[in-house]
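Residue numbers (mature numbering (1 follows the signal peptide of the UniProt record, and there is no 0)): -33 to -1, 1 to 769.
Beta carbons are placed, not taken as given, at the ideal position from N, Cα and C, and that holds for glycine.
Computed from a predicted model, the values in this text were never measured in an experiment.
Next up, the structure:
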């Protein structure tokens, strides 16, 4: 059952109430990536795409580059690139693909046409790094993964800074572990303008974006304001995977004194998707119905599109007060809130045939024995499915004080954050909407020790969340005009809880009430040395800390709750060089990852649980460069080599010394950009960008031990090696933009070479005698389900600005 109106008001936070509350505060917040003036300091104000003191024309036109002030490996993507070459219909996951060490591909339904495009950063998967928006880390509350389209489509992104490391002591969030993807909101312009952007594309895709900039308004204390409204719709590439939605963004900044400025932002997104909640079509289904098959139009099937949909509503808002307090003191405080409301309906098994359409609408008079279900004699014809809710609200406050000294700057501060979540899955008959009592009774009581007869139409009913605070101090010491050394320390206190009347543990549900607090003191040390005005070197030592996900606490006994956070220790060296026609940056890294969380089965109860076992060593090399061949023509490229080798894992001995699954051996990107002014008239401009991304081979199926009681592989167990090799993925995108006066016309071809590379797999069937997945029924892969690159597709965009 969803929260009552009063409950939702308690879990919610009105943007207007937030603004009023923050307006009463005398101070403001936040983080390094939040302030465009600091991103990066001496080069590009990313959100405005204003190049200042650049020194390198090659870097200015590169799609991705680093900063001379970097203290860890960094990739900067400007709004200029987003406007010129990124898919117009997309989100941050389709914007950052060219960055070094990044693995990611468009959704199989088409870029931006399904929520959930995922990025892997140096082999760290989504949920193992932060994603921030104007310096505020955001993500799901059952684990800090991200729904890019649901929160921030491409029209709301003014620039991106990717930090490939845990960052500094001042970087705050739920996953300061594998790095951060820092999104910046669009900048406020000095001049008043109105722009309209209309896009049409393949699969009946359309999008319109209206943008209003107030410029400086003298009547409102020289305030500046921005309003953006986006609508889109598409049939999608996959069958019956339609989607549509809208996004509203409001932003403003008003100086309240000559030293202090208040900035506020509000976004609201409403999206609807027809999609399966449980997976993709099998090889056998796509052989029968075609490569784009996903959902059907047959109401007798569980994969009927009318039974499979998600409605997602999100909001994100903050109020920030920042400025100079005099005497060398500064303050920056941000009060923020964001919410997510995902109401989903889904068939129980998208691979099932009509013969599986049996439901139990009337429970028996007697509750089943432990491990059993209601008699099959009670079953009637129906369509098994379920309804799902994921509803959360996160609120927080980030406060930072600075004090400037002759030899450097001291920064101290902290954050406090609260998350509250309601989640459930209830089984239904999709034909009638009535409860379907198809679950089995629990075999054993849960951690409480008291057996509860949970209704057998309930998979789980959960209330969960966290209370966390982080405090930090760092000193940016500048002993000379060439050297900056920054030591820092951060303390994390994270209280994570689950209060679930019914929680799905293994295949059965029991009550679960767990509250765990995790603490850690994390040291940081970075240095940046200017070898020349256009050449710098940097070094970093930092520790990362990743709190368990809510799902890691789903255990069958109190003894299994002793899970600890995953930790990383990072060592990195790098250099950045920027000359007139040439720019280059490169780095090497070594990361020790310990307390890896894995799933096991209790030897006595047979119940699954998660605990810590083993770790890994990550090490690699990343290089990137751009070269201006002529005043009109430039080249760009990067390459990374990554090793992530398992170690010290007693449960899966064959994973030790082997590359982890999901980690590409290497990545690369290359691009050509041509720009020509005055092509046909005195005020026209032509830009052609051709970019390609490669993601090297990776393993998909982890090593296994047939019997690992309590996490230790038995001596007589059968060992299975790491297997399932996914081949290299390659995409090529072409963008051509012609501007004349106030108008521009852009044509994009995505996946120009029309490749259908496998990007993900569900299943384990291999071609006999090989480590390659079976992709046909003839090879034994009928039940495998693959995600692939969507075929070649097009977007045509017309923009007018007044």
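For residue i, which three-state DSSP category applies?
i, result
"residue 85", "coil"
"residue 487", "strand"
"residue 186", "helix"
"residue 754", "strand"
"residue 579", "strand"
"residue 667", "strand"
"residue 600", "strand"
"residue 534", "strand"
"residue 49", "helix"
"residue 327", "coil"
"residue 283", "strand"
"residue 621", "helix"
"residue 254", "helix"
"residue 272", "helix"
"residue 688", "coil"
"residue 737", "coil"
"residue 219", "strand"
"residue 13", "Model confidence at residue 13 stands at a pLDDT of 44, short of 50, so the residue's coordinates are unreliable; what they give is reported in the following sentence. Correct three-state label for residue 13: helix."
"residue 3", "In this prediction, residue 3 has a pLDDT of 36, which is less than 50 and means its spatial position is unreliable; what the coordinates show is noted afterwards. Residue state, collapsed to three classes: helix."
"residue 517", "helix"
"residue 111", "coil"
"residue 344", "helix"
"residue 405", "coil"
"residue 149", "strand"
"residue 322", "helix"
"residue 679", "coil"
"residue 542", "strand"
Taking Cβ to Cβ, would you say residue i is nearer than 8 Å to residue j?
i, j, result
"residue 264", "residue 274", "no"
"residue 115", "residue 88", "no"
"residue 734", "residue 746", "yes"
"residue 592", "residue 634", "no"
"residue 109", "residue 518", "yes"
"residue 254", "residue 702", "no"
"residue 90", "residue 611", "yes"
"residue 41", "residue 128", "yes"
"residue 700", "residue 658", "yes"
"residue 53", "residue 763", "no"
"residue 491", "residue 452", "no"
"residue 444", "residue 374", "yes"
"residue 217", "residue 194", "yes"
"residue 403", "residue 468", "no"
"residue 805", "residue 557", "Here the chain comprises residues numbered -33 to 769, so residue 805 is not present and cannot be evaluated."
"residue 471", "residue 414", "no"
Going by alpha carbons, who is nearest to residue i out of the options?
i, options, result
"residue 278", "356, 246, 206 and 232", "356"
"residue 622", "660, 667 and 663", "667"
"residue 740", "707, 690 and 429", "690"
"residue 72", "757, 672 and 119", "757"
"residue 214", "358, 208, 200 and 580", "200"
"residue 682", "617, 625, 727 and 737", "617"
"residue 626", "648, 670 and 636", "670"
"residue 368", "290, 313, 504 and 206", "290"
"residue 772", "699, 84 and 475", "No information on residue 772 is available, as it lies outside the stretch -33 to 769 that the chain covers here."
"residue 721", "695, 760, 628 and 730", "760"
"residue 408", "440, 333 and 577", "333"
"residue 298", "393, 226, 748 and 343", "226"
"residue 673", "185, 321 and 620", "620"
"residue 516", "314, 106, 614 and 191", "106"
"residue 183", "177, 257, 172 and 219", "219"
"residue 448", "287, 36 and 464", "36"
Mind checking who residue i pairs with in its DSSP beta bridge?
i, result
"residue 293", "296"
"residue 439", "380 and 457"
"residue 212", "199 and 238"
"residue 362", "304 and 385"
"residue 608", "588 and 633"
"residue 475", "472"
Please tell me whether residue i has its Cβ less than 8 Å away from any Cβ of chain D.
i, result
"residue 372", "Protein chains in the displayed structure number just one, and chain D is not present."
The segment 337 to 357 / the segment 321 to 329 touching (three or more Cβ pairs under 8 Å): yes
With three or more C-beta pairs closer than 8 Å as the rule, is the segment 54 to 62 touching the segment 115 to 132? yes
Taking one C-beta from the segment 92 to 105 and one from the segment 563 to 570 each time, how about it: are there three or more such pairs within less than 8 Å? Inter-segment contact for the segment 92 to 105 and the segment 563 to 570 is absent: fewer than three beta-carbon pairs are separated by less than 8 Å.
Would you be able to state if there are at least three C-beta pairs under 8 Å between the segment 635 to 652 and the segment 596 to 610? yes
Does the count of Cβ pairs from the segment 471 to 490 and the segment 157 to 167 closer than 8 Å reach three? no
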